[in-house]
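Following: one structure in structure tokens, then a few remarks.
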């Protein structure tokens, strides 16, 4: 995936060099690459060659990286550290970071809609539509807006656990769930398999954010590669603050169990995706 992402960026050599350097800093600075992994492994599980899902996987990761650049801005979460290195607005400047994020967002859609992204035009269209929905106002961007509101920026906010789960399903869960859906789409999976994959992706997406909230409460910056304890500082709505660590862990564990159960129809061939779900629940960074 690193090679694919680097090639996509390097094909844009005519881009202003400071902008391209900031984009490369945002994309090629490490990371778990969980979303593209899910896309590729889901496609393989559905009987396709990994190569057919690579363009979609790369597009999803580009959109994810844009979201991190903007999420770290002073007007958002105001973070100085990401993946163990300075955030883009610290390594460059705020204006460059905004433009780098904008460029990565549009590049994600260019990569997904490109003729080389999938041999079938209707599949490219479905993948591009799915990316827009997962990343837009009814997905990640909408969730980020709810997250800012939960900090009390525009008045007192009292979130119930259900409110928090809805927020997280949009902000984090939507793109993770689409990462799984995209693999099925790229492979041409039938409606029955796609339904089971959707159950898996939704559960993994929910568990990922809860695990992230637990890590923010327990881990340190050296382990996380980013600032720890920021949720409590900003008064963010999380299940940890609403229900406590024990109950938050219990919900996370139940979601992991749900994700694993959703793959029953695939048999032993789905063990890689089951391991991915277990990793989400047990990760330490």
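Numbering (the working numbering), first residue to last: 493 to 777.
Note that the Cβ used here is the ideal one computed from N, Cα and C, for glycine as well.
Considering only the beta carbon of each residue, do residue i and residue j sit closer than 8 Å?
| i | j | result |
| --- | --- | --- |
| residue 691 | residue 660 | no |
| residue 518 | residue 531 | no |
| residue 668 | residue 527 | yes |
| residue 596 | residue 632 | no |
| residue 752 | residue 775 | no |
| residue 564 | residue 580 | yes |
| residue 676 | residue 698 | no |
| residue 609 | residue 603 | yes |
Which residue comes first and which comes last in the alpha helix (DSSP H) that contains residue i?
| i | result |
| --- | --- |
| residue 546 | 546-563 |
| residue 763 | 763-774 |
| residue 709 | 683-710 |
| residue 593 | 586-605 |
| residue 616 | 613-627 |
| residue 673 | 666-679 |
| residue 653 | 653-660 |
On a CA-only basis, which of the options is nearest residue i? Give me that one, please.
| i | options | result |
| --- | --- | --- |
| residue 538 | 678, 518, 570 and 497 | 678 |
| residue 728 | 592, 642 and 682 | 642 |
| residue 770 | 746, 761, 757 and 759 | 746 |
| residue 730 | 748, 751 and 705 | 705 |
| residue 508 | 592, 675 and 666 | 592 |
| residue 570 | 576, 658 and 561 | 561 |
| residue 522 | 557, 732 and 658 | 557 |
Please state the DSSP three-state secondary structure of residue i.
| i | result |
| --- | --- |
| residue 778 | A query on residue 778 cannot be resolved here, the shown segment of the chain reaching from 493 to 777 and no further. |
| residue 755 | coil |
| residue 741 | helix |
| residue 508 | coil |
| residue 735 | helix |
| residue 573 | strand |
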